[in-house]
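Written below as structure tokens is the structure these notes are about.
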Amino acid sequence: MSAVELTPTTGGHLVGKLPDEEPRGVELVESAPDHRANVGLRRSTTTGRVLRVVTAGLILLWLIPSLGLLVTSFRTADDARQNGWWNAFRDPNLTFENYRTVLGASGLGRAVMNSLLIAVPSTVFPLMIAVFAGYAFSWMHFRYRELIFATTVALMVVPVQMALVPLLSAFSRGVSLGEITVLPSIDHPLLRLWLVNTAYGLPLATYLMRNYIGSLPAEIIAAARVDGASALAIFWRIVLPLSKPAIASFAIFQFLFVYNDYLVAVTFVGLNKDTAPVTVILADLVGSRGENAHLLTAAAWVSMVVPLAVFFAFQRQFVSGLTAGAVKS
Amino acid sequence: MLNAAVNGVLAALAAALVLLLCYLVPNVLIARRRNGGGHLQGWIFVGPLVVIMALLVVAPTIRTAYLSFFDKTGDEFVGLSNWSWAVTSETARSALRNNALWVVGVTAFTMTIGFIVALGSDMFKRPSFVRAAIFAPMAISAVGATIIWQLVYAFRPAGSSQVGLLNELVVLAGREPRAWLVNEPTNTWFLIWIMIWMWTGFATVVFSAALRTVPADQIEAAQLDGAKPLQTLWYIVLPAIRTTTTVILVATVVTVLKVFDIVRVATNGQFGTNVLANEMINQAISRRDTGRASALAILLLVIIVPFMAYNAYRIRQDRLAS
Numbered sequence: 236m237s238a239v240e241l242t243p244t245t246g247g248h249l250v251g252k253l254p255d256e257e258p259r260g261v262e263l264v265e266s267a268p269d270h271r272a273n274v275g276l277r278r279s280t281t282t283g284r285v286l287r288v289v290t291a292g293l294i295l296l297w298l299i300p301s302l303g304l305l306v307t308s309f310r311t312a313d314d315a316r317q318n319g320w321w322n323a324f325r326d327p328n329l330t331f332e333n334y335r336t337v338l339g340a341s342g343l344g345r346a347v348m349n350s351l352l353i354a355v356p357s358t359v360f361p362l363m364i365a366v367f368a369g370y371a372f373s374w375m376h377f378r379y380r381e382l383i384f385a386t387t388v389a390l391m392v393v394p395v396q397m398a399l400v401p402l403l404s405a406f407s408r409g410v411s412l413g414e415i416t417v418l419p420s421i422d423h424p425l426l427r428l429w430l431v432n433t434a435y436g437l438p439l440a441t442y443l444m445r446n447y448i449g450s451l452p453a454e455i456i457a458a459a460r461v462d463g464a465s466a467l468a469i470f471w472r473i474v475l476p477l478s479k480p481a482i483a484s485f486a487i488f489q490f491l492f493v494y495n496d497y498l499v500a501v502t503f504v505g506l507n508k509d510t511a512p513v514t515v516i517l518a519d520l521v522g523s524r525g526e527n528a529h530l531l532t533a534a535a536w537v538s539m540v541v542p543l544a545v546f547f548a549f550q551r552q553f554v555s556g557l558t559a560g561a562v563k564s
Numbered sequence: 088m089l090n091a092a093v094n095g096v097l098a099a100l101a102a103a104l105v106l107l108l109c110y111l112v113p114n115v116l117i118a119r120r121r122n123g124g125g126h127l128q129g130w131i132f133v134g135p136l137v138v139i140m141a142l143l144v145v146a147p148t149i150r151t152a153y154l155s156f157f158d159k160t161g162d163e164f165v166g167l168s169n170w171s172w173a174v175t176s177e178t179a180r181s182a183l184r185n186n187a188l189w190v191v192g193v194t195a196f197t198m199t200i201g202f203i204v205a206l207g208s209d210m211f212k213r214p215s216f217v218r219a220a221i222f223a224p225m226a227i228s229a230v231g232a233t234i235i236w237q238l239v240y241a242f243r244p245a246g247s248s249q250v251g252l253l254n255e256l257v258v259l260a261g262r263e264p265r266a267w268l269v270n271e272p273t274n275t276w277f278l279i280w281i282m283i284w285m286w287t288g289f290a291t292v293v294f295s296a297a298l299r300t301v302p303a304d305q306i307e308a309a310q311l312d313g314a315k316p317l318q319t320l321w322y323i324v325l326p327a328i329r330t331t332t333t334v335i336l337v338a339t340v341v342t343v344l345k346v347f348d349i350v351r352v353a354t355n356g357q358f359g360t361n362v363l364a365n366e367m368i369n370q371a372i373s374r375r376d377t378g379r380a381s382a383l384a385i386l387l388l389v390i391i392v393p394f395m396a397y398n399a400y401r402i403r404q405d406r407l408a409s
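Residue numbers (the working numbering), protein chains in the order written: chain V, 236 to 564; chain A, 88 to 409.
Written as structure tokens, this is what we have:
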């Protein structure tokens, strides 16, 4: 029984295995994407043909609405209000005006920048913390090591809703016990979002990193130790470079998740045009400009450009992160 | 705008530096000790993780549980009254009913369609392209997906030309156009479809990977015995991917239980479409009732935990069996 695997070590497939297992390398599941599964189905059989037709129909169903969005975004306001987007094929009256409006006046250009300012650090910080921790959980010894790891991964269960109310209050008023201020209030919207997104991305990140780093060949680490390298040096020169696939997987997954997030952003930052990310601005546009489909659709496409580009560029890493972390969400 | 960008980047770099120092400084300090630090080093490497999880996940969760027994402002102890509201009030109950619908609807459809596409994609010249088409919606935000489908569901009164694809098809079929997102009780299903559209790619990709691990010898043996394709599927393939199926199921259920963006943006829970996560935010922010909001949040957690526990149990069983 073999799966398509990429990296050092053990065979078998890693789909949602939990931490009490031996660490296994994170494997990319589609490194040979056109390699077909062997499940006794051939194109030439009736079942095969039916399946093909059904799948083709599903693809159309999946793609057509996005086509509608695209076409509408290039139509004029009058056209969009009066009839359906399919008419644009008969009578194209296309314009870039919607995009110009949406990027400028509606503040979407700025929102894209905000989204990036939120998403990139929210990806880098959990990675940093998780890589250090993953190394410690795999190759260092300290008391309660397994307990802490198990707890961290178990916390994947907790939805961010659990923290919303207390954190909102803590961020705006700080945390104090009587007269003593334990934690100061945090006003900086970016910092709030970085903290929350980092904390809630850490369980999955730690799980992935620990599994991957734990599966690196023990000989390399042992050899480096014999040579007298310090833990930090081993970490920097050996573990980090070798962990790139796992880092890439999580990075793509987390980046898309945070970039597309609406709940955390709208709760902790609200509708300040200066700091709001794309999702918040877009949601607000739905409320206030629902009738202006031509603008709304252009805004929607602008919001999708970055994530779609990242997704298509790194599709494999994304898939691998998903299958390895199938217990997240 | 450039100013803000620069400020943001500088803040990020500063934060990164602070974080890095949390590891480097203690490391340097203990390296001077006689035994080179030993197990203290482990603590340094996991220190920030523990601190962040404790402060931002564990502590708030405990606090939320605590607040659920207090009144709107969190000052007065009210015992179980928030809880009784959470399970008996019509608002909460209708939200819970909808959540149940969402779970059943999304899970059933995404897993079925996902499995069909995972199988069907291999019937094409470029299977990965086929899967990418179904998978791409996972890359966009729920807000964007809602806009896409709101356009499809758009309603104009009978007599005027339709702008939404669905009503156009309905009109072409000779029927009356309808406001799909307003008419209860079917409107929830139109929202559910949006999530199905977004999330089926997940099932497709994971099933697709799992299908590649079915033992080829079992397939060949079945074919030699004259099994038809559907029989092979039912008796050999499905049992072989049972653990994966459970994992997909649980991941989907847990995600669906937390649905918020779609409902918030499309209807804000009106017209009978409300769900738990949306009501929780309504209570927390619009009504400023931290007691009820906390009760709903804990309820959400309580519903999620058994699924995750079952998942862990199934995976352990599978590991013991293999």
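Beta carbons are placed, not taken as given, at the ideal position from N, Cα and C, and that holds for glycine.
As the structure is a computational prediction, the values presented were derived from the model and not from experiment.
Can you pull the chain A residues whose beta carbon is under 8 Å from the beta carbon of residue i, in chain order?
i	result
Thr358(V)	None at all; the shortest Cβ gap to chain A is about 11 Å.
Gly275(V)	Ile306, Ala309, Gln310, Ala314, Pro316, Thr319, Leu320, Ile323, Val324
Against residue i, what residues of chain V qualify as contacts under a CB-to-CB distance less than 7 Å, listed in chain order?
i	result
Thr377(A)	Val400
Ser176(A)	Correct list: empty, because the minimum Cβ distance to chain V is about 19 Å.
Tyr110(A)	Phe367
Asn114(A)	Leu467
Is it buried or exposed, residue i, if we count other Cβ atoms within 10 angstroms and call 16 or more buried?
i	result
Val331(V)	According to the sequence shown, residue 331(V) is Phe rather than Val. Label assigned to Phe331(V): exposed.
Trp374(V)	buried
Leu451(V)	buried
Val105(A)	exposed
Phe216(A)	exposed
Gly261(A)	exposed
Arg310(V)	buried
Ser484(V)	buried
Thr416(V)	exposed
Pro147(A)	buried
Gln552(V)	buried
Ser411(V)	exposed
Tyr379(V)	exposed
Is residue i near the ligand FAD, in the sense that its beta carbon is under 7 Å from a heavy atom of that ligand?
i	result
Arg316(V)	For the structure depicted, the ligand FAD is absent and the ligand set is empty, with no information on it obtainable.
Keeping to the same chain, check which residues put their C-beta closer than 6 Å to that of residue i; ignore five residues upstream and five downstream.
i	result
Gly201(A)	Thr287, Ala290, Thr291, Phe294
Ala384(A)	Thr151, Met367
Met395(A)	none
Gln184(V)	Lying outside 236 to 564, the shown extent of chain V, residue 184(V) is not represented and no answer is given.
Ala338(A)	none
Thr387(V)	Pro438, Thr441
Ala229(A)	Asp348, Ile349
Trp170(A)	Ala382
Can you name the start and end residues of the alpha helix (DSSP H) that residue i belongs to?
i	result
Thr360(A)	Per DSSP, Thr360(A) belongs to no alpha helix (DSSP H) and is neither H nor E.
Lys479(V)	479-494
Tyr153(A)	146-154
Ser538(V)	528-548
Pro424(V)	424-449
Tyr334(V)	332-339
Phe216(A)	214-222
Name the chain V residues whose beta carbon is nearer than 9 Å to that of residue i?
i	result
Trp170(A)	Within 9 Å Cβ-Cβ: nothing; Trp170(A) doesn't reach chain V, min ~16 Å.
Thr118(A)	The identity of residue 118(A) in the sequence shown is Ala, whereas the question assumes Thr. Ordered by position in chain V, the residues that pass the 9 Å Cβ test against Ala118(A) are Ser465, Leu467.
For residue i, which residues of its own chain have a beta-carbon under 7 Å away from its beta-carbon, when the five flanking residues on both sides are left out?
i	result
Val306(V)	Trp320, Ala323
Val258(A)	Gln249, Pro264
Arg401(A)	Thr330, Thr333
Over the uninterrupted beta strand (DSSP E) stretch that includes residue i, give me the two end residues.
i	result
Leu418(V)	415-418
Ser168(A)	Here Ser168(A) belongs to no beta strand (DSSP E); instead the alpha helix (DSSP H) covers 168-175.
Val410(V)	410-412
Which residues in the same chain have their Cβ closer than 8 Å to the Cβ of residue i, if we skip the five residues on either side of it in sequence?
i	result
Val431(V)	Val395, Ala398, Leu402, Val499, Phe503
Ala518(V)	Tyr497, Val501
Leu388(A)	Thr148
Which residues in chain A have a C-beta closer than 7 Å to the C-beta of residue i? List them in chain order.
i	result
Ala368(V)	Phe132, Val133, Leu136
Ala434(V)	Ile139, Met140, Leu143, Val144
Met444(V)	The contacting residues do not exist; Met444(V) stays about 10 Å from chain A at best.
If the cut is a Cβ gap below 9 Å, which residues of chain A does residue i touch?
i	result
Arg287(V)	Gly207, Met210, Phe211
In chain V, which residues lie less than 8 Å from residue i when you measure between Cβ atoms?
i	result
Trp276(A)	Within 8 Å Cβ-Cβ: nothing; Trp276(A) doesn't reach chain V, min ~16 Å.
### Task
Report the residues of the segment 354-368 of chain A with a CB closer than 8 Å to any CB of chain V, ordered along the chain.
Of all residues in the segment 354-368 of chain A, only Ala364, Met367, Ile368 place a beta-carbon less than 8 Å from a beta-carbon of chain V.
### Query
Taking Cβ-Cβ distances below 8 Å as the criterion, which residues of the segment 206-219 of chain A are in contact with chain V?
With the criterion set as a beta carbon lying under 8 Å from some beta carbon of chain V, the members of the segment 206-219 of chain A are Leu206, Gly207, Ser208, Asp209, Met210, Phe211, Arg213, Pro214, Ser215, Val217, Ala219, in sequence order.
### Query
When Cβ atoms are compared, which residues of the segment 147-166 of chain A fall closer than 7 Å to chain V?
Pro147, Thr148, Arg150, Thr151, Leu154
### Message
Using a Cβ-Cβ cutoff of 8 Å, what residues of the segment 228-259 of chain A are near chain V? List them in chain order.
### Response
Ser228, Ala229, Val230, Gly231, Thr233, Ile234, Ile235, Trp236, Gln237, Leu238, Val239, Ala241, Ser248, Gln249, Val250, Gly251, Leu252, Glu255
### Query
Taking any Cβ of chain A, which residues in the segment 473-500 of chain V have a Cβ under 8 Å from it, in chain order?
Under the 8 Å Cβ criterion, the segment 473-500 of chain V contributes Leu491, Tyr494, Asn495, Asp496, Tyr497, Leu498.
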